[in-house]
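**Student:** This is the structure, below, for whatever I ask next.
There are 2 protein chains.
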Amino acid sequence: MAVYTEVSDEEVEAFAHAYGLGEVTGLKGIAEGVENSNYLLVTAEGQYILTLYEKRVNPKDLPFFIGVMDHLAGRGVPCPVPLKRPDGEALGRLAGRPAAIITFLKGLWPRKIRPEHCAELGAALARMHLAGLDFPMTRPNDLGREGWRPLLDKSADGAEGVMPDLAAALYRELDFLEANWPSGLPRGLIHADLFPDNVFFQHDRLTGLIDFYFACTDDFAYDLAVCLNAWCFESDHSFNVTKARLLLRNYTAERAVSRHELAALPILARGAALRFLLTRLYDWIHTPEGAFVRKKDPLEYWKKLRFHQGVSGPGAYGLEA
Amino acid sequence: MAVYTEVSDEEVEAFAHAYGLGEVTGLKGIAEGVENSNYLLVTAEGQYILTLYEKRVNPKDLPFFIGVMDHLAGRGVPCPVPLKRPDGEALGRLAGRPAAIITFLKGLWPRKIRPEHCAELGAALARMHLAGLDFPMTRPNDLGREGWRPLLDKSADGAEGVMPDLAAALYRELDFLEANWPSGLPRGLIHADLFPDNVFFQHDRLTGLIDFYFACTDDFAYDLAVCLNAWCFESDHSFNVTKARLLLRNYTAERAVSRHELAALPILARGAALRFLLTRLYDWIHTPEGAFVRKKDPLEYWKKLRFHQGVSGPGAYGLEA
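In order, the protein sequences belong to chains A and B. Note that our numbering has the first sequence beginning at 76, numbered continuously upward. Note that our numbering has the second sequence beginning at 76, numbered continuously upward.
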């Protein structure tokens with residue numbers, strides 16, 4: 076759920092008016108997203124998303140996130156467009172929080188992933204990477220490889236309560252990843268959190284990419300590795316190689332991928348699995364009981380990590396030799 | 076938050092199509108309401124609310140709730156209209172749950188209550204009561220006076236953890252209410268849960284009443300008593316007699332209220348305070364830690380109950396003698 080800050084009708088009216096919008100005829104808190112407060116804002120002009128940025132988002136990063144959407148939308152990527160006020164600014168303040176209004180994208184996120192979704196995703200991800208090539212801003216990946224050890228250190232004590240020997244196994248994995256992490260891969264603007272609830276479809280065609288609040292500068296292939304984890308496992312934790320093949324084949328059809336990048340996929344996929352395992356583990360251990368958040372099972376990503384650990388090469392993801 | 080059941084795009088498309096709606100272009104879980112799963116459904120025709128009825132709602136009550144909205148909307152009450160399929164039915168099944176599509180009402184619920192809101196509310200509540208006079212269905216108030224003792228029995232053991240001697244004080248109150256509860260008051264269709272988040276406004280004019288899922292057949296003045304509790308206390312628990320006076324004056328301007336009803340207001344207000352105290356107390360004690368629900372403080376209603384206990388007559392609510 077995601078309404079942490081309540082806003083009054085007068086405040087919303089005044090805020091929307093500053094962006095040139097007319098009468099506000101509806102405001103509904105949206106139960107999706109966990110970092111910020113999101114409202115569906117209905118005005119005479121149509122529908123928008125009003126986002127109030129909450130404490131987990133660093134205000135210094137907001138110009139980057141707004142810039143990403145602005146840039147990508149200008150390059151034809153189907154992503155939300157931040158509205159601007161006459162002074163050219165997209166960011167404002169509402170109810171004591173930084174806030175912005177972005178366009179409402181058509182489409183539904185897929186509750187059941189089908190192979191066609193993965194095919195569309197692969198192509199869209201590649202086009203997003205290409206569209207970001209001339210984006211001038213950069214942002215380090217806070218939850219990239221260098222962020223993992225401090226995150227694990229904070230959760231190691233509680234990890235035993237989640238699964239026996241989990242902390243030791245994760246430290247071993249971390250040692251391995253730090254020793255073997257690839258370098259020199261092509262990098263640029265990545266989404267870094269492209270889970271199914273951030274991708275909209277209509278009739279099996281991809282219509283939108285949303286939630287750029289983890290976007291950063293990192294290896295393009297790492298974004299692919301996140302998607303392999305998020306889209307290609309079934310609910311019984313089995314890996315669906317057909318979905319992976321379609322994801323990768325459609326990605327590589329749009330963006331030329333080097334042999335070096337492909338060879339790195341298994342270790343990047345281990346890293347991506349560890350990243351989501353670690354943040355889920357942290358939230359699992361540190362979220363107070365009764366807090367208003369649906370906790371996600373960290374062990375789902377332990378099973379995914381175990382799968383990637385058993386992979387001998389990128390062929391396991393359906394890539395032809 | 077209120078999305079308990081996830082629905083797939085194909086299921087939603089087929090469901091909406093049966094109601095004569097065209098392409099579904101958006102589906103967003105709504106973070107309001109706690110009993111059911113509510114989605115904003117966007118189609119080529121406009122916006123609707125899709126509700127999946129969850130376990131706390133008795134399916135046998137659904138025809139009553141749908142009938143209430145249908146009837147009141149037909150009498151000009153600004154409430155949602157349930158869409159009907161060609162077979163005349165409003166209720167369907169979606170993702171294994173009973174479900175319905177209702178119209179989207181314009182307006183925002185007031186986060187800060189002003190006296191003007193209470194004035195509008197009073198008139199709208201009276202008009203709703205009058206519009207329900209020829210509604211042919213009836214439904215007992217499950218959370219009316221007869222429901223309170225069993226509810227308290229289930230929470231008495233845990234009540235001490237909330238406040239010392241709370242259970243004993245509530246049993247004393249219950250004894251008093253059972254001995255002194257008024258009879259013979261005018262009754263009919265009431266909303267029974269008309270809190271601010273169920274009432275929409277635009278520019279201080281009331282534009283909608285929603286969430287009829289506690290509607291039942293009970294004393295009209297009890298509905299007023301619920302509103303006195305829900306609308307006329309400030310966040311510091313002080314009673315705002317100006318708001319109460321406007322609520323009551325505008326109600327009585329629309330519907331003739333007997334001296335008997337007015338005299339009963341203090342005890343009805345105690346009963347209404349106890350009703351919300353008891354359901355909050357039950358949820359406070361029985362909701363598992365970590366459950367995905369924001370618990371409401373039962374003691375807020377203890378303070379309201381204490382206020383009404385100290386009232387000597389309806390004049391305390393701003394009514395002229």
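Cβ atoms here follow ideal geometry from the backbone N, Cα and C, with glycine treated the same way.
Please list the terminal residues of the continuous beta strand (DSSP E) segment that includes A/Y288.
**Tutor:** Neither: A/Y288 is in no beta strand (DSSP E) and is coded neither H nor E.
**Student:** Excluding five sequence neighbours on each side, which residues of the same chain lie with their C-beta closer than 6 Å to the C-beta of B/D268?
**Tutor:** Hits under 6 Å: F289.
**Student:** Is the Cβ-Cβ distance between A/P271 and A/W377 less than 7 Å?
**Tutor:** no
**Student:** For B/S230, count neighbouring C-beta atoms within 10 Å of its own C-beta (all shown protein chains included) and say buried if the count is 16 or more, exposed if not.
**Tutor:** It is buried - the Cβ of B/S230 has at least 16 other Cβ atoms within 10 Å.
**Student:** Here's a check: name, in chain order, each residue in its chain whose Cβ is nearer than 6 Å to the Cβ of B/H146, leaving out the five neighbours to either side.
**Tutor:** F210
**Student:** With a cut-off of 7 Å, does the C-beta of A/L183 fall near any C-beta of chain B?
**Tutor:** Using beta-carbon distances, A/L183 counts as an interface residue toward chain B, with a partner under 7 Å.
**Student:** Since B/N255 is in the alpha helix (DSSP H), which residue starts that stretch and which ends it?
**Tutor:** 241-255
**Student:** Mind checking if A/G283 is an interface residue toward chain B, Cβ cutoff 7 Å exclusive?
**Tutor:** Chain B, which has no Cβ nearer than 7 Å to the Cβ of A/G283, makes this no.
**Student:** Do A/V156 and A/T126 come within 7 Å of each other at the CB atom, strictly closer than that value?
**Tutor:** no
**Student:** For the segment 105-127 of chain A, list every residue whose C-beta sits within 8 Å of some C-beta in chain B, in sequence order.
**Tutor:** I105, A106, E107, L115, V117, Q122
**Student:** Please work out which residues of its chain come closer than 6 Å, Cβ to Cβ, to A/V332, disregarding the five sequence neighbours upstream and downstream, and give them in chain order.
**Tutor:** none
**Student:** Assign A/K318 to one of three DSSP states: helix, strand, or coil.
**Tutor:** helix
**Student:** Along the chain, where does the alpha helix (DSSP H) containing B/V301 start, and where does it finish?
**Tutor:** Here the alpha helix (DSSP H) through B/V301 covers 295-306.
**Student:** Considering B/R131, what are the terminal residues of the alpha helix (DSSP H) in which it resides?
**Tutor:** Here B/R131 belongs to no alpha helix (DSSP H), and DSSP marks it neither H nor E.
**Student:** Give the residues of chain A in contact with B/V99, contact being defined as C-beta atoms less than 9 Å apart.
**Tutor:** L183, Q277
**Student:** Looking at the structure shown, is A/P215 part of a helix, part of a strand, or coil, going by DSSP?
**Tutor:** coil
**Student:** Provide the residue span of the beta strand (DSSP E) that contains A/F275, from first to last.
**Tutor:** 274-277
**Student:** Sorted by chain position, which residues of the same chain lie with C-beta nearer than 6 Å to B/E395's C-beta, five sequence neighbours on each side aside?
**Tutor:** none
**Student:** State the Cα-Cα distance for the pair B/D279 and B/H192, rounded to the nearest angstrom.
**Tutor:** 6 Å
**Student:** My understanding is that A/A339 touches A/P257, with C-beta atoms under 8 Å, so please give their C-beta distance in whole angstroms.
**Tutor:** 4 Å
**Student:** Name the chain A residues that come within less than 8 Å of B/K318, Cβ to Cβ?
**Tutor:** In chain order: nothing, as chain A lies at least about 17 Å away.
**Student:** Nearest chain B C-beta to A/D311 closer than 7 Å, yes or no?
**Tutor:** no
**Student:** Does the distance from the C-beta atom of A/V82 to that of A/A170 stay below 7 Å?
**Tutor:** yes
**Student:** Quick check on the burial criterion: 16 or more other C-beta atoms within 10 angstroms. Buried or exposed for A/N133?
**Tutor:** Of the other Cβ atoms in all chains shown, fewer than 16 fall within 10 Å of the Cβ of A/N133; this residue is therefore exposed.
**Student:** Looking at chain B, which residues of the segment 179-208 of chain A have a Cβ within less than 9 Å of any of its Cβ atoms?
**Tutor:** F179, L180, K181, G182, L183, W184, P185, R186, K187
**Student:** Verify the CB distance criterion: does A/K130 have a CB-CB separation below 7 Å to chain B?
**Tutor:** no
**Student:** Where does A/K103 sit, in a helix, a strand or coil, going by DSSP?
**Tutor:** strand
**Student:** Should A/S112 be labelled buried (16 or more other beta-carbon atoms within 10 Å of its own) or exposed?
**Tutor:** buried
**Student:** What residue from A/L115, A/M203, A/D84, A/S387 has the CA that sits closest to A/N150's CA?
**Tutor:** Strictly speaking, residue 150 of chain A in this sequence is Arg, with Asn absent from that position. In terms of Cα proximity to A/R150, the closest of A/L115, A/M203, A/D84, A/S387 is A/M203.
**Student:** Are the segment 87-107 of chain B and the segment 346-359 of chain A touching by the rule of at least three beta carbon pairs closer than 8 Å?
**Tutor:** no
**Student:** For a contact meaning CB atoms closer than 7 Å, what does B/K378 contact in chain A?
**Tutor:** None at all; the shortest Cβ gap to chain A is about 21 Å.
**Student:** Buried or exposed, going by whether 16 or more other CB atoms sit within 10 Å of the CB of B/P422?
**Tutor:** Nothing can be reported for residue 422 of chain B, as the shown portion of chain B is limited to 76 through 396.
**Student:** Alpha carbon to alpha carbon, what distance is there between A/L115 and A/I124?
**Tutor:** 5 Å
**Student:** Taking only beta-carbon atoms, is B/K103 less than 7 Å away from chain A?
**Tutor:** yes
**Student:** Are the Cβ atoms of A/G197 and A/L322 separated by less than 7 Å?
**Tutor:** yes
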